[in-house]
Amino acid sequence: MKVQILGAHGLESERTRFVSILVDGVLALDSGAFASSLPFPAQEKVKAVLLTHSHADHIMGLVSLCMHAYLIGTTVEVYALKDTIDAITTHVFNGIIHPKFTEMPSSEKPALRFHIVEVYKPRNIDGYSSLAFPVYHTVPSVGYQVTSEDGKSVLYTGDTGPGLPSRWEDIHPDLLILDCGVSNRYSTQGSKLGHMTPELLKPELVEFRRQKGYIPRVVLVHMAPPFESEIKEEAAEVTKELDAKIDLGYEGMEIEV
Ligand SMILES: [Zn+2]
Ligand SMILES: [Zn+2]
C-alpha cells in the first residue's frame with residue numbers, strides 16, 4: 033500500500049496545504065487540497081473520496097473535482113456520514129455557492145454521488161475494506177481504517193480531540209495518521225477545540241499499546257504552521273518516552289505500508 037500525504041496542515045500557504053491523503057492513487061481520505069495537489073490525469077484515477085466531516089479545510093477539493101467530473105462526464109463517488117452529506121448538499125452544492133452536481137448533468141449520472149457511511153460497519157470500496165469509527169470533534173466526524181486486499185491497513189483519524197475509539201477490536205493498522213493540530217499549550221482546550229496536542233496523544237497511544245500490544249508508525253497531520261516547531265519538539269519527547277516512531281507529515285510525503 034502506498035500512502036501519499038498531499039496536504040498535512042491546518043492552514044494553507046505557498047508551502048502548506050489542507051489535509052488530503054491518497055491511498056494507492058485511487059482512494060482519497062479527505063479532500064482539502066486534493067485538486068490543487070494532483071495533475072488532472074491523477075485526479076481522474078481516483079475512484080472514491082472518504083470524508084471525515086464537513087469542515088471546509090477537508091472538503092474544498094471537491095469543488096474543483098466535481099466541476100472537472102462534470103466537464104468530462106464522470107462521477108466523483110464520495111463516502112461520508114449522513115450529517116456531513118446533508119451539510120455539504122445544503123451549504124456548498126446548493127445551486128448558490130456551487131452547482132447542484134448531485135443532479136447534474138442528470139440524476140442518473142451525476143458529477144457528484146454521495147454514499148452514506150455508518151460507523152463500525154465494514155464496507156468494501158473498490159477492493160478496499162473501509163471501517164469508519166466515531167471521533168470527538170465540533171461537528172459529527174469519523175475516522176477511517178482502510179485495508180487493502182493484501183491486508184495492509186492505514187488508520188486516519190481526521191480532526192479529533194481526546195478520546196479515540198475504545199473499540200479497538202477491529203482496528204489493526206500498520207500506519208496511524210493522527211490529528212495533531214496544536215501544541216501542548218492548548219492541551220487544556222483540546223476537547224473544546226476538537227484537536228490533539230502531542231501531550232494529549234500520548235495517553236491515546238499508551239492505551240492503544242495496552243490493548244493491541246504494539247504502536248505502529250505514527251504520522252501527525254493538521255499542524256497549525258505557527259506552532260509547528262513546538263509540536264515537533266513536543267512530539268519528539270513523546271517519541272522518546274514511548275519508544276515509538278512518530279513523525280510530522282509534510283506535503284509530498286510518501287509512505288510504503
Ligand atoms: Zn474540523
Ligand atoms: Zn480540519
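Numbering (our numbering), first residue to last: 33 to 289. All C-beta atoms, glycine included, are put in the ideal place defined by N, C-alpha and C.
Could you tell me whether the Cβ atoms of residue i and residue j are closer together than 9 Å?
i: phenylalanine 165; j: isoleucine 203; result: yes
i: glutamate 283; j: histidine 90; result: no
i: leucine 59; j: tyrosine 160; result: yes
i: aspartate 206; j: valine 251; result: no
i: isoleucine 37; j: methionine 228; result: no
i: valine 149; j: isoleucine 53; result: no
i: valine 151; j: histidine 85; result: no
i: proline 154; j: glycine 175; result: no
i: valine 110; j: leucine 70; result: no
i: aspartate 62; j: lysine 34; result: no
i: isoleucine 209; j: tyrosine 188; result: yes
i: valine 108; j: phenylalanine 72; result: no
i: methionine 99; j: glycine 64; result: no
i: glutamate 262; j: asparagine 216; result: yes
Quick one: grab the DSSP three-state call for residue i.
i: proline 194; result: coil
i: asparagine 216; result: helix
i: glycine 57; result: coil
i: glutamate 46; result: coil
i: glutamate 260; result: helix
i: cysteine 111; result: Residue identity check: residue 111 is tyrosine in the sequence provided, not cysteine. DSSP places tyrosine 111 in strand when its eight states are reduced to three.
i: histidine 123; result: helix
i: threonine 179; result: strand
i: leucine 187; result: strand
i: isoleucine 104; result: helix
i: aspartate 118; result: helix
i: phenylalanine 133; result: coil
i: serine 96; result: helix
i: proline 142; result: strand
For residue i, which beta-bridge partners are listed by DSSP?
i: methionine 33; result: Methionine 33 is not bridged to any residue.
i: proline 230; result: Its beta-bridge partners do not exist; DSSP assigns none.
i: aspartate 279; result: Val251
i: methionine 285; result: Ile37
i: glycine 165; result: For the sequence presented, residue 165 should be read as phenylalanine rather than glycine. Paired residues: Gly175.
i: alanine 80; result: Leu59
i: leucine 70; result: Paired residue(s): none; leucine 70 is not in a bridge.
i: histidine 90; result: The partner list for histidine 90 (beta bridge, DSSP) is empty, contrary to what the question assumes.
Please tell me whether, using a cut-off of 8 Å, the distance from the CB of residue i to the nearest non-hydrogen atom of ligand 3 is below it.
i: lysine 153; result: Ligand 3 is not part of this structure, which contains only ligand 1 and ligand 2.
Contact between the region 115-132 and the region 47-67: three or more CB pairs below 8 Å? The region 115-132 is not in contact with the region 47-67.
Decide yes or no for the touch test of the region 176-186 against the region 223-239: beta carbon pairs closer than 8 Å, at least 3 of them. These segments do not touch.
Which residues end up in the neighbourhood of ligand 1 when you take C-beta atoms closer than 5 Å to any of its heavy atoms? Residues with a Cβ closer than 5 Å to any heavy atom of ligand 1, in chain order: His87 and Asp191.
Any 3 or more C-beta pairs closer than 8 Å across the region 242-251 and the region 266-281: Yes, the region 242-251 touches the region 266-281.
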